[in-house]
Amino acid sequence: MKRPAYVTDKVLKQFIKNALEEDIQDGDHSTLSTIPKDLQQSAKLLVKQDCILAGVELAEIIFKTFDKNLKVETFVKDGDAVKVGEVAFIVTGSARSILSTERLVLNCMQRMSGIATLTHDWDSRLVGTKTKLLDTRKTTPNFRVCEKWAVAIGGGTNHRYGLYDMIMLKDNHIDYNGSITNAVKMAKDYIKKNKKKLKIEVETRNLAEVQEAINAKVDRIMLDNMDIATMKQAVQLINGSCESEASGGITRDQLKEIASTGVTYISAGALTHSADNMDLSLKAVK
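When we follow UniProt numbering, the leftmost residue of the sequence shown carries the number 1, and every step to the right adds one.
Structure, rendered in structure tokens:
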């Protein structure tokens with residue numbers, strides 16, 4: 001699949017640089033002390049748990065960033081469903097380079113595959129509905145690019161990437177500011193003054209706040225921790241005047257019922273903060 005726009009070469013280069021420095025610092029001494037400099041070897045990425053595989057493209061970028069002479073032969077691509085025993089790719093070249101990058105590749109792929117697998121499972125519950133599944137900013141610091149990329153690979157839709165690409169006025173913004181009406185007016189003035197192209201979303205906690213947000217003419221209204229009956233009423237009130245988003249403590253079992261209310265989106269932090277790592281390993285080819 002095509003990389004999301006936020007997965008730029010610049011972002012990946014910085015991420016990989018920081019991750020390798022964190023792990024290697026002044027040298028991978030286990031490898032430097034035991035593996036000859038000119039030894040050439042191969043290793044295979046072995047799938048040890050059924051999953052939606054993610055991080056294949058990233059793995060190749062990590063290998064080649066560390067050592068441009070490493071060669072990667074891939075047999076599956078990001079987003080493919082894989083079974084126990086399958087080989088995703090074989091990397092060939094300097095044994096030292098393979099060993100020094102092994103853990104970073106596995107850490108990324110295991111985490112990304114877990115997120116992609118969970119997202120695919122949740123998203124499949126929404127087939128036949130018009131509701132889209134969103135992630136959130138509840139991501140691991142300095143690993144957001146990989147986690148949101150994994151959501152996209154798993155079939156989910158990315159919410160805003162960060163604080164810079166959308167205005168979301170949450171409960172604390174409203175409570176600090178005084179009212180939805182005033183906060184939205186100030187946000188619109190800010191956008192105009194600074195010549196920004198930003199959508200405005202407002203978090204609401206009850207039907208009165210939903211109506212206030214409708215009157216303020218925002219782009220999206222978040223329905224936070226509402227029960228199904230209240231959510232249905234909220235969607236009817238909105239009546240297509242803007243997008244709607246169900247959020248707050250969403251579980252897999254609720255997805256179909258929530259979608260039946262007619263909400264545009266369902267956002268779930270669980271996609272990134274509660275996914276299990278998948279079991280993958282990089283094994284020497286003997």
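Idealized CB from N, CA, C, for every residue including glycine. Just so you know, these numbers come straight off a predicted model, no measurement behind them.
Cα-Cα, which of the options is closest to residue i?
i           : options                        : result
residue 314 : MET226, ALA229, ASP165, THR264 : Nothing can be reported for residue 314, as the shown portion of the chain is limited to 1 through 286.
PHE15       : LEU198, ALA270, ASN142         : ASN142
TRP122      : ASP253, ALA284, LYS283, LYS192 : ASP253
THR251      : GLY55, LEU58, ASP227, ALA234   : ASP227
VAL127      : HIS173, ALA259, GLY178         : ALA259
ASP171      : GLY79, ARG111, GLY248          : GLY248
PRO4        : SER30, LEU20, ARG160, LEU99    : ARG160
THR101      : ASN215, MET222, GLN236, LEU58  : LEU58
ASN215      : LEU282, LYS185, MET112, ASN158 : LYS185
VAL285      : SER33, ILE35, ASP38, LYS44     : LYS44
So is residue i buried or exposed if we call it buried at 16+ other beta carbons inside 10 Å?
i      : result
LEU280 : buried
THR117 : buried
THR8   : exposed
GLN25  : exposed
ASP189 : exposed
ILE2   : This sequence places Lys at residue 2; Ile is not what is there. Exposed, since its Cβ has fewer than 16 Cβ neighbours within 10 Å.
GLU22  : exposed
LEU163 : exposed
ALA19  : buried
THR139 : buried
Hey, would you say residue i sits closer than 9 Å to residue j, going by beta carbons?
i      : j      : result
ALA187 : LEU169 : yes
LEU271 : VAL151 : yes
GLU212 : THR181 : yes
LEU134 : SER244 : no
LEU46  : GLU73  : no
LYS64  : LEU70  : yes
THR119 : GLY155 : yes
LYS84  : LYS48  : Sequence inspection shows Val at residue 84; the Lys mentioned does not correspond to that position. Going by C-beta atoms, VAL84 is nearer than 9 Å to LYS48.
ALA229 : VAL202 : no
GLY114 : ASN277 : yes
ASP50  : ALA81  : yes
ALA147 : ILE174 : As written in the sequence, residue 147 is Glu, which differs from the Ala given in the question. Contact flag unset, no.
Can you round the beta-carbon distance between residue i and residue j to whole angstroms, since I take them to be within the 8 Å contact cut?
i      : j      : result
VAL218 : ILE200 : 5 Å
GLY93  : ASP67  : 6 Å
ILE62  : LEU106 : With a Cβ gap of about 10 Å, ILE62 and LEU106 do not count as contacting.
TYR6   : VAL235 : Not a contact, Cβ separation roughly 30 Å.
THR136 : ARG96  : In fact, because the Cβ distance is near 40 Å, the residues do not count as touching under 8 Å.
For chain B, check one thing: does any of its Cβ atoms lie closer than 9 Å to the Cβ of residue i?
i      : result
GLU243 : Considering every chain present, this structure includes no chain B. It has just one protein chain.
Which ranges does the beta strand (DSSP E) cover as unbroken runs of at least 3 residues, wholly within the stretch 27-106, from first to last along the chain?
-> 40-47, 71-74, 87-94
What are the uninterrupted segments assigned as alpha helix (DSSP H) that are 4 or more residues long and contained completely in the stretch 219-269, given in chain order?
-> 228-238, 255-259
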